[in-house]
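So the number in my numbering is just where the residue sits in the sequence shown, counting from 1, plus 14.
Below is one structure, written out as structure tokens; the observations come after it.
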Amino acid sequence: MPTARCLRDSRSRPEAGGSRVQATGRHSETDARARTVAFHTLGCKLNQFETEALASEFTRAGYRVVGSDEAADCRIINTCTVTGKADRKSRNTVNRAVRSAGDDDSLVVVTGCFAAEHREELEQAGVTYVVENDRKRKVFELVDAHFRGEVMHPNQLERDLFSYQPSTNVFRTRAMLKVQDGCDNFCSFCIIPKVRGRAASRPVDAIIENLKAVIDSGYREVVLTGVNMTRYDDYGFPFSGMLERVLQTAGEFRVRISSIEPDSLDERFFSLLTHPKLCPHLHLCLQSGSERVLLQMRRQYTAAEYRRIAERIRTDNPLFNLSTDVIVGFPGETDEDFAATVALCRALEFSHIHTFPYSPRSGTRAARSHHQVPAAVKKRRAAVIRSVSEETQHRYYQRFVGCSQQVLLEQVRLGRTMVGNGYGEHYLPVLVQNDRSSEDSAQVMQPNDFVDVTITELSGRTEPVLAARPRHPSLVTT
Ligand code: SF4
Numbered sequence: 015m016p017t018a019r020c021l022r023d024s025r026s027r028p029e030a031g032g033s034r035v036q037a038t039g040r041h042s043e044t045d046a047r048a049r050t051v052a053f054h055t056l057g058c059k060l061n062q063f064e065t066e067a068l069a070s071e072f073t074r075a076g077y078r079v080v081g082s083d084e085a086a087d088c089r090i091i092n093t094c095t096v097t098g099k100a101d102r103k104s105r106n107t108v109n110r111a112v113r114s115a116g117d118d119d120s121l122v123v124v125t126g127c128f129a130a131e132h133r134e135e136l137e138q139a140g141v142t143y144v145v146e147n148d149r150k151r152k153v154f155e156l157v158d159a160h161f162r163g164e165v166m167h168p169n170q171l172e173r174d175l176f177s178y179q180p181s182t183n184v185f186r187t188r189a190m191l192k193v194q195d196g197c198d199n200f201c202s203f204c205i206i207p208k209v210r211g212r213a214a215s216r217p218v219d220a221i222i223e224n225l226k227a228v229i230d231s232g233y234r235e236v237v238l239t240g241v242n243m244t245r246y247d248d249y250g251f252p253f254s255g256m257l258e259r260v261l262q263t264a265g266e267f268r269v270r271i272s273s274i275e276p277d278s279l280d281e282r283f284f285s286l287l288t289h290p291k292l293c294p295h296l297h298l299c300l301q302s303g304s305e306r307v308l309l310q311m312r313r314q315y316t317a318a319e320y321r322r323i324a325e326r327i328r329t330d331n332p333l334f335n336l337s338t339d340v341i342v343g344f345p346g347e348t349d350e351d352f353a354a355t356v357a358l359c360r361a362l363e364f365s366h367i368h369t370f371p372y373s374p375r376s377g378t379r380a381a382r383s384h385h386q387v388p389a390a391v392k393k394r395r396a397a398v399i400r401s402v403s404e405e406t407q408h409r410y411y412q413r414f415v416g417c418s419q420q421v422l423l424e425q426v427r428l429g430r431t432m433v434g435n436g437y438g439e440h441y442l443p444v445l446v447q448n449d450r451s452s453e454d455s456a457q458v459m460q461p462n463d464f465v466d467v468t469i470t471e472l473s474g475r476t477e478p479v480l481a482a483r484p485r486h487p488s489l490v491t492t
């Protein structure tokens, strides 16, 4: 439990049970346009999307978004609870914010999955408002009302999963687009259905409207995000149908799919994987290569099915980028089970394996198992998977040397030569070196440009980067 004291004066402190906040009205005496807000985001792409959308809303209303380590009138923390480590990070971030709030006399708002599970603890720690995930969309309303001196409880906010406003370029160059939330799968290790709720899909027309808005505002890359996107279902309209509508939308942009589950993939989905606007990269969650463990995890696919899906994708496009998540030390995981995971990971040559030592989540079926794996074994297995990941990553990246990529530049620096960095369509980091260093070349490579390059070499072992040269400098897209 956090030990941070409650640092606001009693007029702005939640009453017993955190039921109601009396706004001081003090802030309403100053100009709202001068107010500052700092965001801290933990966890998944969905949280990142939601924070970006909220930050854009505050910016549009005249607030100034400042860095998370700067003084601010309001701190908003979007938390995560997917593992014990995520809990620790969320708790530490909140404690730090409460301490800084004492120095700044500012507001602390906590939302996200950790908040859903630890409301009371957060209220006792001195957080001003704890907001449920499905009311997160309305955080601006709550904060703005507070600064106007109005009294509002977070539970008065409307439940609303999807009507986030299109993000403006607050934090990064690629726009995320929330298409789905929640999950009905109830994998035995996962707390997400409890903290994010049941599966819900954003209507396809609203997705296209949001997409057009972000393209019009200049984004050239859009990432579709959701908790379990392959279960997207807009009254019978499936994920592949929604994806097709997204890809058919006019404009010069490319689309990425963030993490997806390897079940419920239909033929239309596979045929879209070669669409020129769709990036050839999938983060396809594996979790284990053991049939027995997958069954215990209550996953919706077998290891053999996963392998077939991966091989099919790579048959159509041998350089297709597959990355994945693996949990090691799931209750009852034997050396043979683990060996099956290692073998499958080696065979499928992932570009990256995100490794999670199993972490019991309270209230889940796996947490109640009597066959918990000792921490030392989990640690050893995690180290093995990390080393397999490094090995397959290096082999995979190496295959790009001599190949072409289309890089979306994120930053450009002009020194003796002009160097830009960004990601190719396969979602590998690329450093583009342009020998031309005149003012003229500054017009050739600019952030948010697509640049066609040839990969010349691979550098770095643990964090590899592809070095490249523009293919036709005079033909670079601007
Ligand atoms: S599919 Fe399983 S792991 Fe993924 S969010 Fe749903 S319950 Fe959790």
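Every residue gets a Cβ at the ideal spot worked out from N, C-alpha and C, and that includes glycine.
Bear in mind that the values here come from a model prediction, so they are computed numbers and not experimental data.
Subject >> DSSP-derived helix/strand/coil call for C88 >> reply: Start at 1 with the first residue of the sequence shown, and residue 88 comes out as number 74. It is a strand residue.
Original post:
Which of the three DSSP states, helix, strand or coil, is assigned to Y143?
Top reply: Indexing the sequence shown from 1 puts residue 143 at position 129. Strand.
**OP:** May I ask you to list the residues that DSSP assigns as paired with S337?
**Re:** In the sequence shown, the residue the question calls residue 337 occupies position 323. Per DSSP, H297, H366.
**OP:** Verify whether the separation of the beta carbon atoms of V307 and D351 is less than 8 Å.
**Re:** Translated into the one-based positions of the sequence shown, residue 307 becomes position 293. Translated into the one-based positions of the sequence shown, residue 351 becomes position 337. Contact annotation: V307 and D351 have beta-carbon atoms nearer than 8 Å.
**OP:** Could you round the C-beta distance between G346 and Q310 to whole angstroms and report it? I think they count as a contact, below 8 Å.
**Re:** Against the sequence shown, residue 346 aligns to sequence position 332. Against the sequence shown, residue 310 aligns to sequence position 296. The C-beta separation of G346 from Q310 comes to about 6 Å, placing the pair in contact by the 8 Å criterion.
**OP:** Count the CB pairs spanning the segment 437 to 444 and the segment 368 to 388 that are closer than 8 Å, and state whether there are at least three.
**Re:** Result no; under three Cβ-Cβ pairs closer than 8 Å.
Original post:
According to DSSP, which residues form a beta bridge with V479?
Top reply: Numbered from its first residue, the sequence shown carries residue 479 at position 465. S473, per the DSSP bridge assignment.
Original post:
Enumerated in chain order, which unbroken segments of the alpha helix (DSSP H) with a length of 4 residues or greater are wholly contained in the segment 160 to 240?
Top reply: Those alpha helix (DSSP H) runs which fall completely within the segment 160 to 240 and span 4+ residues are 206 to 210, 218 to 230.
**OP:** Hey, could you find the ends of the beta strand (DSSP E) A52 is sitting in?
**Re:** Here residue 52 is taken as the residue at index 38 of the sequence shown, counted from 1. Run containing A52: 50 to 55, per the beta strand (DSSP E) assignment.
Original post:
For P276, is the beta carbon positioned less than 7 Å from some heavy atom of ligand 1?
Top reply: Here residue 276 is taken as the residue at index 262 of the sequence shown, counted from 1. Taking the Cβ of P276 as the reference point, every heavy atom of ligand 1 lies at 7 Å or farther away.
Original post:
Quick one: Cα of G140 to Cα of F253, how far?
Top reply: Along the sequence shown, read from residue 1 onward, the residue named residue 140 stands at position 126. Along the sequence shown, read from residue 1 onward, the residue named residue 253 stands at position 239. Going from the Cα of G140 to the Cα of F253 covers about 42 Å.
Subject >> Where L254 falls: helix, strand or coil (DSSP) >> reply: Here the question's residue 254 lines up with position 240 in the sequence shown. It is Ser, not Leu, that sits at residue 254 in the sequence shown. In the structure shown, S254 adopts helical secondary structure according to DSSP, grouped into three states.
Subject >> L56 versus T239: straight-line alpha-carbon distance, rounded >> reply: Mapped onto the sequence shown, residue 56 falls at position 42. Mapped onto the sequence shown, residue 239 falls at position 225. The alpha-carbon atoms of L56 and T239 are separated by roughly 15 Å.
Original post:
On the premise that G196 lies in contact with A213, defined as a C-beta separation below 8 Å, what is that separation, rounded to the nearest angstrom?
Top reply: Start at 1 with the first residue of the sequence shown, and residue 213 comes out as number 199. Start at 1 with the first residue of the sequence shown, and residue 196 comes out as number 182. Yes, A213 and G196 are in contact; Cβ-Cβ is about 5 Å, under 8 Å.
Original post:
Relative to ligand 1, is the shortest distance from any of its heavy atoms to the C-beta of P374 smaller than 7 Å?
Top reply: Locating residue 374 in the sequence shown gives position 360, counting from the first residue. No, ligand 1 has no heavy atom inside 7 Å of this Cβ.
Original post:
At a cut-off of 7 Å, is V307 close to ligand 1 when judged by its beta-carbon and the heavy atoms of the ligand?
Top reply: In the sequence shown, residue 307 corresponds to position 293, counting from 1. Incorrect: V307 has no Cβ contact closer than 7 Å to ligand 1.
**OP:** Would you give the residue range spanned by the alpha helix (DSSP H) that S285 belongs to?
**Re:** Counted from its first residue, the sequence shown places residue 285 at position 271. Unbroken alpha helix (DSSP H) run through S285: 281 to 286.
Original post:
Can you name the start and end residues of the beta strand (DSSP E) that Y411 belongs to?
Top reply: As a position in the sequence shown, residue 411 is number 397, starting the count at 1. The continuous stretches of beta strand (DSSP E) do not include Y411, which lies in the alpha helix (DSSP H) extending over residues 389 to 412.
Original post:
Can the beta-carbon of V504 be found less than 8 Å from the beta-carbon of V446?
Top reply: Outside the shown range of the chain (15 to 492) lies residue 504, about which nothing can therefore be said.
Subject >> Whole-angstrom distance between Q194 and A389, CA atom to CA atom >> reply: Here residue 389 refers to the residue found at position 375 of the sequence shown. Here residue 194 refers to the residue found at position 180 of the sequence shown. If you take the alpha carbons of A389 and Q194, they lie about 35 Å apart.
Subject >> Presumed contact (8 Å Cβ cut-off) between D83 and S120, rounded CB distance >> reply: By 1-based counting over the sequence shown, the position of residue 83 is 69. By 1-based counting over the sequence shown, the position of residue 120 is 106. Incorrect: roughly 13 Å between the Cβ atoms, too far for contact.
**OP:** Would you kindly work out how many angstroms separate the C-alpha atoms of T73 and V96, rounded to a whole number?
**Re:** In the sequence shown, the residue the question calls residue 73 occupies position 59. In the sequence shown, the residue the question calls residue 96 occupies position 82. Going from the Cα of T73 to the Cα of V96 covers about 30 Å.
**OP:** Find out if the Cβ-Cβ distance for the pair I90, L60 is shorter than 8 Å.
**Re:** The residue labelled residue 90 in the question sits at position 76 within the sequence shown. The residue labelled residue 60 in the question sits at position 46 within the sequence shown. For I90 and L60, no; Cβs fall outside 8 Å.
**OP:** Assign N92 to one of two classes, buried (16 or more other C-beta atoms within 10 Å of its C-beta) or exposed (fewer than that).
**Re:** In the sequence shown, residue 92 corresponds to position 78, counting from 1. Buried: at least 16 other Cβ atoms inside 10 Å.
**OP:** May I have all residues whose beta carbon comes closer than 6 Å to any heavy atom of ligand 1, sorted in chain order?
**Re:** Any heavy atom of ligand 1 counts here; residues with a Cβ closer than 6 Å to one of them, in chain order, are C197, N199, F200, C201, C204, I206, P207, V241, N242, E275.
Original post:
V80 and T125 look like a contact to me (Cβ under 8 Å); what is the Cβ gap, rounded to whole Å?
Top reply: For the purposes of this step, residue 80 is taken as the residue at position 66 of the sequence shown. For the purposes of this step, residue 125 is taken as the residue at position 111 of the sequence shown. V80 to T125, Cβ: 19 Å. No contact.
Original post:
If we ignore side chains and look at the alpha-carbon of each, how far apart do K393 and I399 end up?
Top reply: In the sequence shown, residue 393 corresponds to position 379, counting from 1. In the sequence shown, residue 399 corresponds to position 385, counting from 1. So the alpha carbons of these two residues sit roughly 10 Å apart.
Original post:
Which class does T97 belong to by DSSP, given the choice of helix, strand or coil?
Top reply: As a position in the sequence shown, residue 97 is number 83, starting the count at 1. Here DSSP, grouped into helix, strand and coil, assigns T97 to coil.
Original post:
Between S114 and D101, what straight-line distance do the alpha-carbon atoms span, to the nearest angstrom?
Top reply: Taking the first residue of the sequence shown as 1, we reach residue 114 at position 100. Taking the first residue of the sequence shown as 1, we reach residue 101 at position 87. For the pair S114 and D101, the Cα-to-Cα distance works out to about 20 Å.
**OP:** Taking R270 and E235 to be in contact with their CB atoms under 8 Å, please state how far apart those CB atoms are, rounded to whole angstroms.
**Re:** Counting from 1 along the sequence shown, the entry for residue 270 is found at position 256. Counting from 1 along the sequence shown, the entry for residue 235 is found at position 221. With 8 Å as the limit, R270 and E235 qualify as a contact, their Cβ atoms being about 7 Å apart.
Original post:
Excluding sequence positions up to five away, which residues of its chain have a Cβ less than 7 Å from the Cβ of R313?
Top reply: Taking the sequence shown and counting its residues from 1, the one referred to as residue 313 is at position 299. Apart from sequence neighbours up to five positions away, the residues of its chain that approach R313 with a beta-carbon distance below 7 Å are C201, Q301, ordered along the chain.
Original post:
Per DSSP, M432 forms a beta bridge with which residues?
Top reply: Numbered from 1 along the sequence shown, position 418 holds the residue referred to as residue 432. Under DSSP, M432 takes part in a beta bridge, and its partners are L428, N448.
**OP:** Report the option in R188, F370, P443, L333 whose CA atom is closest to the CA atom of V391.
**Re:** Within the sequence shown, residue 391 is the residue found at index 377, counting from 1. Here the closest residue by C-alpha is F370.
Original post:
The beta strand (DSSP E) spanning T125 covers which residue range?
Top reply: Stepping through the sequence shown from its first residue, residue 125 is reached at position 111. Counting along the chain, the beta strand (DSSP E) containing T125 begins and ends at 121 to 126.
Subject >> Whole beta strand (DSSP E) elements within the segment 53 to 81, 3-residue minimum >> reply: Qualifying beta strand (DSSP E) stretches, in chain order: 78 to 80.
Original post:
Is R328 helix, strand or coil when you go by DSSP?
Top reply: Walking along the sequence shown from the start, residue 328 turns up at place 314. DSSP places R328 in helix when its eight states are reduced to three.
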